[in-house]
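Worksheet: one structure, shown below.
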Amino acid sequence: MHLTQELEVYSDHKVTQLLFKDVKNAAELRQSAVEGKISGALISPTLVLNPFQVLVAANKAVHLQKIGKMKTRSLFSEIIFNLSPTNNISEAFKRFGISDGDSSVLVVLVHNKGNTPPLSDIVSRVNGQQVPVDDLSSLSDTAKIKKFFKITPQEEKIGTLLDAVVCRMAIKDVL
Amino acid sequence: MLLSFLVDTSRCRSLHNRLRETSLRKAEVNMSVERSMEVSQLLAKAELLKQGAEARLYRTRFLGKPVIVKERFSKRYRHPALDEKLTHRRTVQELRAILRCRKAGIPAPAVYFVDHSTHCIFLEEIVDSCTVRDHIASTQQQPRGPEQLERLAEKIGQMLAQMHDEDLIHGDLTTSNMLLKHTVDGAESQLLLIDFGLSYISALAEDKGVDLYVLEKAFLSTHPNTEVLFERLLRSYTKASKKSEPVIKKLDEVRLRGRKRSMVG
């Protein structure tokens, strides 16, 4: 169900994603993440097109943590911030973090190669149905993504929507 | 009066010195920022594709996708602070130009990751592609080559017109900086622009004229007997661009005097 991938640049790190739908306790989950009981990023899947997008954000977060240049306080908040095309931190949390009323959630964990992530703990905390991470596209809203990332029709003709989104995420700090 | 003037200049000087000190200190701080060891390690294992005067190109994989990494290395002959600043500036310029192109619908490789500490850009690898330079060289020999190349020249002209209409100057237009991607159906191949390291934003006809002049020089010197072909390219540029008239006029001017503006008078 979950998806674990290696960050090729930081080969000792792995990223695991878990996707849940029909979630009933989003407020509770958010609270436990704030209190640090869940050490992972809780992401609202509406504006997330593909697991690759999360991977790019996680890679950038690990990178910035290593060189000591994170813009937010923790690795997990940095992942959420990196998903956004703007440099506005509170807006990024509002759009990409989970809100109390959300019915689906994407949990992102970052762990060392040797360690196994606390998957069962996460699954037991979420009151919802776990689905394969590849179902992400069915939970995301393409029209909203195009609008929020300001993707022009001309740009869609020359490449994929995913490339357009990832490009903005990667370049945003120098715009 | 005189005294106050003296006091003023000395204050000025001390301020100037202080500014210099702080800027130097800042530069030191900047340099002491940790460089990403992991990126360097990755590149050490990657396949080196090309080395230019300013950057090295590597081929590797990034998060499961084939990528090209463009690493701008430091120049030892420059003052470290200046070198850092220039290299950073060029990386940023390149990134902005790529995004501007893509937004306008001009194909350019997507950016996946940027490491500002080692000045590396991770770009989408354009698989199954060749440079326009190689394509022209190989097609020229073929019996039906000229016809095909005429169509290609028209496409290049249209693409450049579109780029200049966005006020983007490429700065290093050559046939090696254009790629042809073979599509699956094999009928129409996609034309892409690469290497935006010297590009900048300008609405001046002068800059656009020089951009075309640079291409003309490169085009005619790498591909012998292609004057007619380049003529075709310019004609399609003129037709496609909304602001082509002053640009072509400038191009004629630049041809007479060369790329650099005369500083006499």
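Keeping their order, the protein sequence lines are chains U and R.
Quick note on numbering: the first sequence equals residues 54 to 228 in the numbering used here.
Quick note on numbering: the second sequence equals residues 5 to 269 in the numbering used here.
For glycine and all other residues, C-beta sits at the position ideal for the given N, C-alpha and C.
query: Helix, strand or coil: how does DSSP classify M167 of chain R here?; result: helix
query: Whole angstroms are fine: how far does the CA of K159 of chain R sit from the CA of S240 of chain R?; result: 8 Å
query: Could you have a look at L102 of chain U and say whether DSSP puts it in helix, strand or coil?; result: coil
query: Have a look at R3 of chain R and V214 of chain R and give me their C-alpha separation to the nearest angstrom.; result: Residue 3 of chain R lies beyond the range of chain R shown here (5 to 269); nothing can be said about it.
query: So, under 8 Å CB-CB, L61 of chain R and S133 of chain R are touching, yes? Tell me the CB distance rounded to an integer number of Å.; result: That belief does not hold up - the Cβ atoms of L61 of chain R and S133 of chain R are roughly 14 Å apart, past 8 Å.
query: So, are the CB atoms of G161 of chain R and L237 of chain R less than 7 Å apart?; result: yes
query: Pull up the DSSP beta-bridge partners for I173 of chain R, would you.; result: R:Y204
query: Measure the alpha-carbon distance for P228 of chain R versus L255 of chain R and round it to whole angstroms.; result: 21 Å
query: For a contact meaning CB atoms closer than 7 Å, what does D216 of chain U contact in chain R?; result: A114, E128
query: Pick out whichever of U:V158, U:K199, U:D216, U:L117 has its Cα sitting closest to the Cα of G93 of chain U.; result: U:V158
query: Starting from E59 of chain U and walking both ways along the alpha helix (DSSP H), at which residues does that stretch end?; result: That residue, E59 of chain U, is in no alpha helix (DSSP H); its beta strand (DSSP E) goes 56 to 59.
query: Let me know the secondary structure DSSP gives T242 of chain R once reduced to three states.; result: helix
query: Who are A134 of chain R's beta bridge partners in DSSP?; result: Note on identity: in this sequence residue 134 of chain R is Cys, with Ala being the wrong assignment. In the DSSP output, where bridge partners are listed per residue, C134 of chain R has R:L184.
query: For the stretch 104 to 124 of chain U, list every residue whose C-beta sits within 8 Å of some C-beta in chain R, in sequence order.; result: F105, L108, V109, N112, K113, H116, K119, I120, G121, K122
query: Could you tell me the alpha carbon to alpha carbon distance between F77 of chain R and D138 of chain R, rounded to whole angstroms?; result: 27 Å
query: Where do the ends of the beta strand (DSSP E) carrying F202 of chain U lie?; result: Segment: none, F202 of chain U is in no beta strand (DSSP E) and carries neither H nor E.
query: Taking only beta-carbon atoms, is K67 of chain U less than 7 Å away from chain R?; result: no
query: Can you check whether the C-beta of K166 of chain U is within less than 7 Å of a C-beta belonging to chain R?; result: no
query: With 16 as the cutoff for other CB atoms within 10 Å, does L6 of chain R come out buried or exposed?; result: For L6 of chain R, the predicted model reports a pLDDT of 48, less than 50, meaning its position is unreliable; a value from the coordinates is still stated below. Exposed, because fewer than 16 other Cβ atoms sit within 10 Å of the Cβ of L6 of chain R.
query: Does the CB of V43 of chain R have a neighbour CB from chain U at under 7 Å?; result: yes
query: Quick check on A31 of chain R - is its C-beta less than 7 Å from some C-beta in chain U?; result: Here A31 of chain R scores only 49 on pLDDT, less than 50, and its place in the model is too uncertain to base an answer on.
query: Starting from the beta carbon of F117 of chain R, find every residue of chain U whose beta carbon is closer than 8 Å, and list them in chain order.; result: V62, V109, N112, K113, H116, A223
query: Report all residues from its chain with a CB closer than 8 Å to the CB of Q106 of chain U; omit the five preceding and five following residues, and keep chain order.; result: L136, L215, V218, V219, M222
query: For the stretch 71 to 81 of chain U against the stretch 172 to 190 of chain U, are there 3 or more C-beta pairs whose distance is under 8 Å?; result: yes
query: Identify the contact partners of S40 of chain R in chain U, using a Cβ-Cβ distance below 7 Å as the criterion.; result: H116, K119, I120
query: Do you know how far the Cα of T143 of chain R is from the Cα of P150 of chain R?; result: 8 Å
query: Between which two residues does the beta strand (DSSP E) holding F77 of chain R run?; result: No beta strand (DSSP E) contains F77 of chain R, which DSSP labels as neither H nor E.
query: Counting only the same chain and skipping the five closest in sequence on each side, list residues whose C-beta sits under 6 Å from that of C124 of chain R.; result: V43, V73, E75
query: Can a CB atom of chain U be found closer than 7 Å to the CB of P111 of chain R?; result: yes
query: Considering V158 of chain U, what are the terminal residues of the beta strand (DSSP E) in which it resides?; result: 158 to 165
query: Leaving out the 5 sequence neighbours to the left and right, which residues in its chain are closer than 8 Å to T195 of chain U when beta-carbon positions are compared?; result: L102, L214
query: Within 10 Å of its beta-carbon, does E128 of chain R have 16 or more other beta-carbons around it, so buried, or fewer, so exposed?; result: buried
query: Tell whether a beta-carbon distance below 7 Å holds between L108 of chain U and V68 of chain U.; result: yes
query: Residues of chain R with a CB under 8 Å from the CB of K197 of chain U: which are they?; result: The premise fails here: K197 of chain U is roughly 19 Å from chain R at the closest Cβ pair, so nothing lies under 8 Å.
query: How is Y291 of chain R classed by DSSP in three states: helix, strand or coil?; result: Limits of chain R in this structure are 5 at one end and 269 at the other, which puts residue 291 of chain R out of reach.
query: Take the Cβ of S130 of chain U as the centre, count every other Cβ of all protein chains shown within 10 Å, and call the residue buried at 16 or more, exposed below.; result: buried
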